[in-house]
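First to last, the protein sequences are chains P and L. Counting from 1, one number per residue, gives the positions in the first sequence under my numbering. Counting from 261, one number per residue, gives the positions in the second sequence under my numbering. Shown next, in structure tokens, is the structure this report addresses.
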Amino acid sequence: MLKILKYSFYDLMRSRWSYVYFAFYLLLGIVLLFLNNDLSKAVITLMNVIIVLVPLIGTIFGVMYYYNSKEFTELLLAQPLKRSSIFLGQYLGVAISLSMSLILGLGIPFVFYGLFKSTAIWDFSLLLITGTFLTFIFTALAFNIALSNENRIKGFGYAILLWLFLAIIYDGLFLMTLIIFEDYPLDKVSLVGTMLNPIDLSRTLILLKLDISALLGYTGAVFKQFFGTNFGLMVSFVALVLWVVLPVSRMTFKSKKKDF
Amino acid sequence: MVSIQDLHKKFGKNEVLSGVNLEIGEGGIFAVLGPNGSGKTTLIKCLLGMVIPNKGTISVLGKNIKHGSNYRYQIDYLPQIANFPSNLKVKELITMIKDLRGNKTTVDEQLISLFKLEPFLDKKLGNLSGGTKQKVNLVLTFMFDSPLIILDEPTSGLDPISLIRLKNLIQAEKEKGKTILITSHIMSFVEEVSDEIVFLLEGKIYFKGSINELKTKTDQPDFEHAIASILTENHA
Chain P
1 MLKILKYSFY
11 DLMRSRWSYV
21 YFAFYLLLGI
31 VLLFLNNDLS
41 KAVITLMNVI
51 IVLVPLIGTI
61 FGVMYYYNSK
71 EFTELLLAQP
81 LKRSSIFLGQ
91 YLGVAISLSM
101 SLILGLGIPF
111 VFYGLFKSTA
121 IWDFSLLLIT
131 GTFLTFIFTA
141 LAFNIALSNE
151 NRIKGFGYAI
161 LLWLFLAIIY
171 DGLFLMTLII
181 FEDYPLDKVS
191 LVGTMLNPID
201 LSRTLILLKL
211 DISALLGYTG
221 AVFKQFFGTN
231 FGLMVSFVAL
241 VLWVVLPVSR
251 MTFKSKKKDF
Chain L
261 MVSIQDLHKK
271 FGKNEVLSGV
281 NLEIGEGGIF
291 AVLGPNGSGK
301 TTLIKCLLGM
311 VIPNKGTISV
321 LGKNIKHGSN
331 YRYQIDYLPQ
341 IANFPSNLKV
351 KELITMIKDL
361 RGNKTTVDEQ
371 LISLFKLEPF
381 LDKKLGNLSG
391 GTKQKVNLVL
401 TFMFDSPLII
411 LDEPTSGLDP
421 ISLIRLKNLI
431 QAEKEKGKTI
441 LITSHIMSFV
451 EEVSDEIVFL
461 LEGKIYFKGS
471 INELKTKTDQ
481 PDFEHAIASI
491 LTENHA
């Protein structure tokens, strides 16, 4: 698996897209710092961008990489290699290189701005950690979609729909449920609802860490009570890990049964 | 060498292989023939574990292929369409495959000079012509010394001189006692190189034996007509 990871990673590092992605984050970091002129405010703005953009890029890039490396995969399948190591290696190659672009692209401008002397360092680290989680989650989901769809147009379509659903539509539905059932106690429902969507979960985690949960109103208080404690934090990290593990295991399972 | 029992494979509703039984002994050149869509490539891909059969067992060198991927160390495979990652250089691809298989070959340089590939080593695979890609494909296949060689349409895109070199290469491998499995649509090539043929028709083995036996069976004077008569008789 490590050899496949090495070649996938090497292949991606040479491709233009990793640099475009890296340059984009670099520019974003610089512009935000320049405009906000304040580290902790820049972190908040950055959160809004990351929460929406990282999943999108992870999904698109994952699907694109899978379809583009079809020939490479077929070449590898005839070699004495396990199927699971071929796909896991490719998946990790994509996810790690995307995460590296994110961490380096955002990290460099913030470090130069004086991150290490600032109090925002933990907020910023949490931001990067959730960003990395989101990259791993959405790349895994993208690989799942691509493995199940031979037709690339369909694959791309489903990938975009998935992103649209989790990033935008889910929130709408969630809000509507809360409004319709407002006469009932909803704290448990909203907690579970948040756990079921990795984007919402990441957003909530960061907002609470940034201590602006007042923005969340009544449910914010419930959330703070839950997520604010060590237990809540643990549960949400477990949920994020599950969001990585479940799609990855489906991916290895599916790849074992597929015909090439 | 290879033993296949009651192999079934369906793609959706399309039944490609319906109960293939095949024993391939050690040493010699076997040609797998059949009309388009008769399941030649599917059979070979099942053997390589790229296509998962619905039913049946396959063993290579006495080992069931369901148990792990290590049996593929004993197989050299030439895919039908040479699709390579287009942003890799020829040299890089060769080094990569050597690395993935454990780097125990020395004949790659001989093969490169045999097919006159030196000027292309630093070119990207995406920029090569079909025939040159096929030559790279051949180098990748023959550079490992495995007892079973599977060639899926090895002649496609090759110029006459490379074809002669390929034939010599195949004969040389046969003399080392290897088993070689070939599919091809070029009957003259098959007639020239193969010791035995396996004819697939509608997902089953229609005939297995030497070319002379086929000629007697179909009562035709030459190989090409013998094949054609099978096809017309069965309306394929």
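Where is the CB? At the ideal position from N, CA and C, for every residue including glycine.
Check: Selection from P/I50, P/S84, P/G157, P/I137 that minimises the alpha carbon distance to P/R203; Outcome: P/I50
Check: Buried versus exposed, by CB contacts within 10 Å (16 or more), L/G322; Outcome: exposed
Check: Residue nearest to P/I96 in terms of C-alpha spacing, selected from P/L32, P/A120, P/L26, P/F138; Outcome: P/F138
Check: Chain P within 7 Å of L/R332, Cβ atoms only; Outcome: yes
Check: Beta-carbon proximity check, P/G131 vs P/V31, cutoff 7 Å; Outcome: no
Check: Cα-Cα separation between L/V367 and L/F404, rounded to whole angstroms; Outcome: 8 Å
Check: N-terminal and C-terminal residue of the alpha helix (DSSP H) that L/Y466 is part of; Outcome: Run containing L/Y466: none in the alpha helix (DSSP H); it sits in the beta strand (DSSP E), 464 to 469.
Check: Contacts that L/F344 makes with chain A (C-beta to C-beta distance below 7 Å); Outcome: The chain inventory of the structure shown lacks chain A, comprising the protein chains P and L.
Check: Cβ shell of L/K393 (< 8 Å), same chain only, five flanking positions each side left out; Outcome: A342, F344, L385, G417
Check: CA nearest to the CA of L/V262, picked from L/S278, L/G285, L/F271, L/S329; Outcome: L/G285
Check: CA nearest to the CA of L/T492, picked from L/L348, L/L371, L/P295; Outcome: L/P295
Check: Cβ-based contacts, 8 Å cut-off: residues of the segment 298 to 327 of chain L near chain P; Outcome: K305, L308, G309, M310, V311, I312
Check: Environment of P/Y184 [buried if 16+ CB atoms lie within 10 Å]; Outcome: exposed
Check: Buried or exposed by the 16-neighbour rule on C-beta atoms within 10 Å, applied to L/T401; Outcome: buried
Check: Assumed close pair L/G316, L/I264 - CB separation to whole angstroms, cut-off 8 Å; Outcome: 7 Å
Check: Residues that DSSP places opposite L/Q265 in a beta bridge; Outcome: L/T317
Check: Opening and closing residue of the beta strand (DSSP E) in which P/S255 lies; Outcome: That residue, P/S255, is in no beta strand (DSSP E); its alpha helix (DSSP H) goes 230 to 257.
Check: Beta-carbon contacts of P/G89 that lie in its chain and below 7 Å, excluding the five residues immediately before and after; Outcome: M1, I4, L5, S8
Check: L/N274 - containing beta strand (DSSP E), residue span; Outcome: 274 to 284
Check: Outcome for L/K273 when other beta-carbon atoms lying within 10 angstroms are tallied against a minimum of 16; Outcome: exposed
Check: Contact list for the segment 351 to 363 of chain L against chain P, Cβ threshold 9 Å; Outcome: L353, M356, I357, D359, L360, R361, G362
Check: Nonlocal neighbours in the same chain, by C-beta distance under 7 Å from L/N494, ignoring five residues either side; Outcome: L461
Check: L/K376 classed as buried or exposed, judged by whether at least 16 other C-beta atoms fall within 10 angstroms; Outcome: exposed
Check: For L/F290: DSSP bridge partner residues; Outcome: L/L441, L/E456
Check: Cβ pair L/V399, L/L371 closer than 7 Å; Outcome: yes
Check: Proximity below 7 Å, CB of P/L191 to CB of P/F226; Outcome: yes
Check: CB contact check: L/Y337 to chain P, cutoff 7 Å; Outcome: yes
Check: Close beta carbons around L/N347, own chain, < 7 Å, minus the five adjacent residues each side; Outcome: K384, G386
Check: Residue range of the beta strand (DSSP E) that includes L/I410; Outcome: 408 to 412
Check: Secondary structure of P/L81, DSSP reduced to three states; Outcome: coil
Check: Interface flag, P/L81 vs chain L, CB-CB below 7 Å; Outcome: yes
Check: Alpha-carbon to alpha-carbon, L/G437 and L/L408; Outcome: 10 Å
Check: CB contact check: L/S444 to chain P, cutoff 7 Å; Outcome: no
Check: First through last residue of the beta strand (DSSP E) which encompasses L/I312; Outcome: Neither: L/I312 is in no beta strand (DSSP E) and is coded neither H nor E.
Check: Test item: CB-CB of L/D412 and L/P339 under 7 Å; Outcome: yes
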